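These protein sequence lines are chains A and B, in that order. Each position in the first sequence, counted from 1, maps to that position plus 162 in my numbering. Each position in the second sequence, counted from 1, maps to that position plus 776 in my numbering. Step one of this worksheet: look at the structure below.
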Amino acid sequence: MTEPARKTRRPGPALVIWSSIVLFGVLFALLTYQLSASQSPPPRPVVVRKVLKRRVVTTYVPTPGRNSISSSGAISSSGAIAAESSSPAYAPVTTGAS
Amino acid sequence: MSEHDVIFDAMGSHVRLLIGEPGPGMAAAPAAAEQARQLIVEFDAALSRFKPESELCSLNADPRERVPASELLRTAVKAGLEAAQRSGGLVDPTLVGEIETAGYVASRAGVPGAPLGAALAEAPARRPARPNPAQDWRRIEVDDAAGTVTRPAGLRFDTGGAGKGLAADLVAQRLRGYSRFIVDCGGDIRIGGADALISPYEIFVEHPLTGERAFVLKLGFGAVATSGLNVRIWRGEDGRYSHHLLDPATGEPAWTGLIGATALGDTAVEAETFAKAALLSGPEGGRTVLGERGGLLVHDSGRIETVGPLAARPRVRIPDLAASA
């Protein structure tokens, strides 16, 4: 004796349509949320560097009637010291007896 | 940022101007430097003891007790009197006859000095200088309202003690508003400008014996000046060594145990006064003179001693020449 074949019930078309719409809406909302979340990374610090470069224009004014022996001496000696100095862009300023 | 650097000769020394960016409405640095140079040249022409046509020489030669004087000359006389007042008479602006007797009659600009080491070996016993009890400088009066200088006829005045410092201060007044500046009149240096407070200048202190860098100061404002025996020093016809820093009490060159002094101050006149007074006071008195504002003393041995605030903040190297010798 065989059992009678079970009769399957198909869902109605309205249920299928509405379920599809609801599922689509849920998935669409989820994807939209993920997309928007991935497009707003945490703010990164912005570093602004202002580069100040000191440019020194040196002028040696010759004394009328004299050549610039003393001035040129100052240039060479000052230049030598400046080479040893790390910071100033200009020849060093020196205080001494005069 | 740019900075204009001008070097020229005046007042028997090198003069240097470093001028930064102008403030709103101010002349560009090169124009300001030229104006400052002209001021210093005029200052030198009016106040040099070595130029017979100068107003200072005219004042000293004038037989009247009350003499009309320009604003510049009156300012210079007042600066000299202030230096004398603040030093208790050690920096005396009336020692013209004495300095000429010592052999300093004409400008010694460009003349190599006698060897300081040899002079020290032959110098008399060291002792602090003292003020002249007569205090002739107190008999000089300046009347700005009348535009005159009054003094006993024959009493001569010299700006030597404060002249370069005053020139630096006068130029500095004109450079207010520039971002940064240095006015260096033969080692009497005035510094200013807001930017210099943030990024101070390095000032090298020259050693009087070696001529090398002995100390480095970082200054963003104020003034520094150095007085020393190494530059205007000579050997007279009698074979004796002399120099330009006189003991007011004797009128003779002072040998105090110090060969150099560097002083800090608010103005270059003040720094110059402190430096000269410290050197003339000798080691013990020099410490007192420099104690408040700070400075350096260079002993006969070459040893460098920091005093006051500089001693409290040893931020730069201090070579001990005596130890390394």
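Beta carbons: idealized from backbone N, C-alpha and C, even for Gly. In this text the structure is predicted, and so the values were computed from the model without any measurement.
Taking a Cβ-Cβ threshold of 8 Å, the residues of chain A close to B:LYS940 are SER260, in chain order.
Closest option to B:GLU818, judged by alpha-carbon separation, among B:ALA943, B:TRP913, B:ILE1009, B:GLY799: B:ALA943. The beta-carbon distance between B:THR1043 and B:ALA999, rounded to whole angstroms, is 5 Å. This is short enough to meet the 8 Å contact definition.
The DSSP-derived three-state label of B:GLY1004 is strand. Short of 6 Å from the beta carbon of B:ASP960, and not among the five residues preceding or following it, lie these beta carbons of its own chain, in chain order: ARG792. Shown here, B:TRP1031 sits in coil according to DSSP, grouped into three states, outside any helix or strand.
Chain A has a Cβ within less than 7 Å of the Cβ of B:GLU982.
The C-alpha of A:VAL210 is placed about 47 Å away from the C-alpha of A:PHE186. Counting C-beta pairs with one atom in each stretch, the region 934-941 of chain B and the region 852-859 of chain B have three or more that are closer than 8 Å, which means they touch. Per the coordinates, the alpha-carbon of B:PRO976 lies some 12 Å from the alpha-carbon of B:VAL992. Residue contact with chain A for B:SER789: present (Cβ-Cβ distance below 7 Å to some residue of chain A). In chain order, ARG850 place their CB closer than 7 Å to the CB of B:ASP920, counting only its own chain and leaving out the 5 sequence neighbours on each side.
For B:THR1026, there is no enclosing beta strand (DSSP E), as DSSP marks it with neither H nor E.
When secondary structure is reduced to three states using DSSP, B:THR1082 falls in the strand class.
Close CB contacts of B:GLN911 within its chain, under the 6 Å cut and outside five residues either way in sequence, are with GLY865 (chain order). Against chain A, the beta carbon of B:ARG792 has neighbours under 7 Å at VAL255, listed in chain order.
Cβ proximity to chain A below 7 Å picks out ILE958, ASP960, GLY962, GLY963, ILE965, TYR977, GLU978, ILE979 from the region 957-979 of chain B.
The three-state secondary structure of B:TYR880, taken from DSSP, is coil. The closest CA to that of B:HIS1019, considering only B:ASN1006, B:ALA1025, B:ALA855, is found on B:ASN1006. Residue state for B:ALA910 is assigned as coil, using DSSP reduced to three classes.
Counting only runs of at least 3 residues, the region 940-998 of chain B fully encloses the following beta strand (DSSP E) elements, listed from N- to C-terminal order: 957-961, 964-968, 977-982, 989-995. If one requires a minimum length of 4 residues, the alpha helix (DSSP H) runs lying completely within the region 170-209 of chain A are 175-200, in chain order. Under the DSSP assignment, B:GLU841 falls outside any beta strand (DSSP E); it carries neither an H nor an E label. In this model, B:ALA1025 and B:ASN908 are separated by some 4 Å (Cα to Cα). Out of B:VAL881, B:GLY962, B:GLU874, the CA that lies nearest to the CA of B:LEU931 is found in B:GLU874. Beta bridge pairing from DSSP links B:GLY1041 with B:ALA999. Rounded to the nearest angstrom, the Cβ distance from B:HIS780 to B:ALA821 is 24 Å, too far for a contact under 8 Å. With respect to the C-alpha of B:ALA804, the residue from B:LEU973, B:ALA970, B:SER955 having the closest C-alpha is B:SER955. Between A:THR257 and B:THR1049 the beta-carbon gap is near 15 Å, outside 8 Å, which marks them as no contact. Taking the C-beta atoms as reference points, B:ALA948 is found nearer than 7 Å to B:ARG966. The residues ARG932, in chain order, have a CB closer than 6 Å to that of B:ASN836 in the same chain once the five nearest residues on each side in sequence are set aside.
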